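Heads up: the protein sequence lines correspond to chains H and R, in order. Oh and the first sequence: position 133 is 132 in numbering that gives the first Met the number 0, straight run, nothing missing. Oh and the second sequence: position 151 is 150 in numbering that gives the first Met the number 0, straight run, nothing missing. Notes for the one structure printed next.
Number of protein chains: 2
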Amino acid sequence: MKRLFRALLISMLISTAALAQSDPLPSWNEGPVKQSIIQFVHAVTTPGTDFVPPADRIATFDNDGTLWAEKPLIQGLFAIFRVHRMVARNPALKNQQPYKAVIEKDKGYFEKAGLKEIIHLFNLTHSGMTSTAFAEEVQLFFNTVKHPTLRTSLYQAIYKPQLELLNYLRANGFKTFICSGGTVDFMRVVSDTLYGIPAEQVIGSELKYKYVDSAGVNDIMRLPGMTTFNDKQEKPVNIQFHIGKRPILACGNEGGAGDVYMLRFSQGSPYKSLQLIVNHDDAAREFEYGEKDNKSLNMAKQYYWQVISMKNDWNTVFP
Amino acid sequence: MKRLFRALLISMLISTAALAQSDPLPSWNEGPVKQSIIQFVHAVTTPGTDFVPPADRIATFDNDGTLWAEKPLIQGLFAIFRVHRMVARNPALKNQQPYKAVIEKDKGYFEKAGLKEIIHLFNLTHSGMTSTAFAEEVQLFFNTVKHPTLRTSLYQAIYKPQLELLNYLRANGFKTFICSGGTVDFMRVVSDTLYGIPAEQVIGSELKYKYVDSAGVNDIMRLPGMTTFNDKQEKPVNIQFHIGKRPILACGNEGGAGDVYMLRFSQGSPYKSLQLIVNHDDAAREFEYGEKDNKSLNMAKQYYWQVISMKNDWNTVFP
């Protein structure tokens with residue numbers, strides 16, 4: 000009797016383990032989106048008409064609102080962090096704009112001054128230093144600043160279901176890339192820790208760089224001004240430049256219609272491909288927001304992309 | 000007796016195999032350069048003070064004159080190939096410059112017209128088509144055109160010792176990249192076949208791109224004009240943009256001093272690093288050429304880079 004009980008217990012443990020193992024996406028609810036992902040991965044990895052050689056299993060993910068929360072933009076928090084660091088080092092700055100407005104949380108100033116002043120703030124906080132110094136600032140930011148609304152570490156502001164998806168894809172021979180509007184040297188400081196995506200697989204916006212090798216400096220200087228703003232039609236352009244292959248899986252989010260061309264580019268692959276778009280419809284656990292013209296969701300309908308409802312498709316949002 | 004002979008033969012075969020296996024660089028002659036490579040790889044992969052985590056084992060190689068022969072420039076041969084293709088499709092072009100000069104092998108025309116006309120020819124032959132069409136042209140070129148002086152397939156114009164080095168590095172956990180002045184979409188069509196380097200690990204010069212998704216076209220259009228000419232100080236800039244890590248091994252060649260800043264950037268790594276520069280000193284088996292000011296070799300001396308003498312360090316040049 001005791002032996003039977005033990006045998007039963009063991010077999011139960013084994014089947015639970017097997018079940019856990021058989022579901023690579025435990026934070027995803029059963030439904031058409033999860034099914035489409037699993038069917039797609041099965042199709043492209045199984046010998047047959049839809050098989051894709053491992054070298055061409057490229058997956059690209061947007062970052063803001065797709066892999067981590069974007070309300071507020073985490074890189075915006077970094078700009079504020081930088082202002083405080085710069086003012087601490089040089090207190091006179093706190094009487095100068097745009098530092099003053101940041102320190103005093105004077106949103107009206109930026110509303111009045113417009114985009115030009117926001118770009119100016121971006122340049123002030125992101126340039127004028129070496130790449131090495133910038134990476135140190137970014138690391139310090141992630142290690143000290145908390146998310147203002149989620150009240151967690153920034154390392155916890157990422158979507159758990161997406162982490163599972165990234166791991167699932169990699170376990171099936173995919174090479175996973177970030178392709179985001181955030182600047183590349185900002186994201187790549189933490190991309191490996193957060194998502195298991197190495198620095199060289201991060202595509203993003205970037206400032207002007209200049210190589211300096213003189214007077215004891217051997218580094219890339221970060222200059223004001225952008226060389227590329229990796230959004231909308233620039234995403235396929237930078238994917239071509241960096242990867243040179245169309246992603247067979249592309250995942251973005253609705254909110255600013257920044258990802259629709261990356262998804263269209265993916266859809267032009269000669270291979271079977273899958274396009275996913277995260278819908279921010281979960282006011283309770285994350286946020287609820289959309290586009291005025293509903294462009295992303297309209298295109299999703301037109302082109303048969305899978306829309307991920309955070310509310311319905313994810314049983315867990317944050318880790 | 001027969002048995003003894005058989006046993007001896009087997010043991011000889013085994014030890015020959017073991018010997019072959021123990022030398023990862025059989026086309027390299029014994030000497031300080033080969034020793035420096037093997038000692039370096041051993042140091043960075045062995046637990047201890049010089050150990051480098053696999054994720055940071057980045058190696059970058061120039062292409063023209065470093066991985067394949069650059070007399071003449073293979074991408075120049077492609078421009079000529081393209082002119083012939085364009086004229087075949089539209090015979091009227093053969094009476095127009097610069098097509099006429101190419102067809103008639105009129106070098107004087109380009110010497111007189113100068114760099115501007117060469118850039119114009121480059122744009123005419125490399126732009127005005129989709130990335131997909133361009134890749135097909137490049138593939139056709141490599142499959143049909145022979146090397147004019149080596150009299151071999153272009154696939155044979157690569158340096159065998161460098162192939163061994165690339166394989167040796169990868170076997171030791173390195174990620175190998177091309178970082179060359181050639182345009183990225185030209186090299187990456189063959190980089191995997193030639194060197195085992197996937198498209199996404201090729202850094203190069205590039206034209207302007209524009210993403211088009213209309214009228215049945217869903218592709219990257221190649222426009223005239225360069226976004227980056229990946230040479231000299233631009234190499235560290237593009238390494239930073241694409242990889243975001245300093246290479247711990249960088250290999251270039253003397254001839255145009257195009258690689259010295261890539262090597263300096265590598266040398267600025269906080270890790271132990273190795274810089275290599277190919278010296279074209281082998282008129283018999285390849286070519287003999289140098290720089291008027293000897294900049295690369297002077298810097299090699301100043302900064303303790305290893306100079307690879309094709310004549311002395313390589314027992315075989317081409318496969």
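By construction, the Cβ of each residue, glycine as well, lies at the ideal position given by its N, Cα and C atoms. Owing to the predicted nature of the structure, the values given are computational and were not obtained by experimental measurement.
| Test: H:V137 CB closer than 8 Å to a CB of chain R | no
| Going along chain R, which residues have a C-beta under 7 Å from H:I329? | The structure shown does not extend to residue 329 of chain H, since chain H is modelled only from 0 through 318, so no value can be given for it.
| query | Looking at the C-beta of H:I276, does it have a partner C-beta in chain R at a distance below 8 Å? | reply | no
| query | How many Å lie between R:K294 and R:D280 at the Cα? | reply | 15 Å
| task | Provide the residue span of the beta strand (DSSP E) that contains R:K207, from first to last. | result | V201 to S213
| message | Pop quiz: R:G224 and R:K209 are said to be a contact at Cβ under 8 Å. What is the actual Cβ separation, rounded to whole angstroms? | response | About 11 Å; that fails the 8 Å criterion.
| For R:Y260, which residues of its own chain have a beta-carbon under 7 Å away from its beta-carbon, when the five flanking residues on both sides are left out? | K231, Q232, K234 and P235
| message | Can you give me the C-alpha to C-alpha distance between R:N314 and R:S272, rounded to a whole angstrom? | response | 25 Å
| said: Residues of the stretch 97-118 of chain H in Cβ contact with chain R at a cutoff of 9 Å, in chain order, please. | reply: none
| query | For the beta strand (DSSP E) that contains R:V101, what are its first and last residues? | reply | That residue, R:V101, is in no beta strand (DSSP E); its alpha helix (DSSP H) goes Y98 to I102.
| In chain H, which residues lie with their C-beta within 7 Å of the C-beta of R:G267? | N217 and D218
| Closer than 8 Å, Cβ to any Cβ of chain H: which residues of the stretch 177-188 of chain R, in chain order? | Only those residues of the stretch 177-188 of chain R whose C-beta falls short of 8 Å from the nearest C-beta of chain H are listed: V183, D184 and R187.
| said: Tell me which residues share the same chain as H:F264 and place their Cβ nearer than 7 Å to its Cβ, disregarding the 5 neighbours each side in the sequence. | reply: Apart from sequence neighbours up to five positions away, the residues of its chain that approach H:F264 with a beta-carbon distance below 7 Å are P235, I238 and R245, ordered along the chain.
| query | Whose Cβ in chain R lies nearer than 7 Å to the Cβ of H:R263? | reply | D212 and N217
| 4 or more residues per run - each alpha helix (DSSP H) lying fully within the stretch 9-76 of chain H | 31-44
| field | Distance, R:T59 Cα to R:A299 Cα | value | 17 Å
| Are the C-beta atoms of R:Q34 and some chain H residue less than 8 Å apart? | no
| request: Evaluate H:G203 with the Cβ neighbour count: other Cβ atoms within 10 Å of its Cβ, from every protein chain shown; 16 or more gives buried, anything less gives exposed. | output: buried
| message | Let's see if you can read the secondary structure: which residues bound the alpha helix (DSSP H) around H:G107? | response | Residues K106 to A112.
| Selection of the stretch 221-245 of chain R by Cβ proximity to chain H, strictly under 7 Å | Q232, P235, V236, Q239, F240, H241, I242, G243 and K244
| field | Classification of R:V188 by the beta-carbon crowding that lies within 10 angstroms, buried from 16 upward | value | buried
| message | To be precise: take each residue of the stretch 249-263 of chain H, compare its Cβ to all Cβ atoms of chain R, and keep it if any distance is under 7 Å. Which residues remain? | response | Y260 and R263
| Residue ranges of each alpha helix (DSSP H) within the stretch 154-205 of chain R, 4 or longer | 159-170, 183-186 and 190-194
| said: On the CB-based measure, 16 or more other CB atoms within 10 Å of its CB, does R:S179 come out buried or exposed? | reply: buried
| query | Using a Cβ-Cβ cut-off of 8 Å (strictly less than) and excluding sequence neighbours within five positions of R:F228, which residues of its own chain qualify? | reply | G180 and S204
| request: Count the other CB atoms, across all protein chains shown, that sit within 10 Å of the CB of R:K33; report buried if there are 16 or more and exposed otherwise. | output: buried
| Do you know offhand how far H:Q200's Cα is from H:P160's? | 20 Å
| request: Would you mind giving the Cβ-Cβ distance between R:P197 and R:P147, rounded to the nearest angstrom? I have them listed as a contact below 8 Å. | output: Contact doesn't hold; Cβ gap of about 29 Å is too wide.
| request: In the DSSP assignment, find the unbroken beta strand (DSSP E) run with H:T227 in it and report its ends. | output: V216 to T227
| task | On the DSSP bridge assignment, give the partners of H:L120 in chain order. | result | DSSP lists no partner for H:L120.
| task | Just the C-alpha distance for H:N171 and H:V40, rounded to the nearest angstrom, thanks. | result | Going by the C-alpha atoms only, they are around 7 Å apart.
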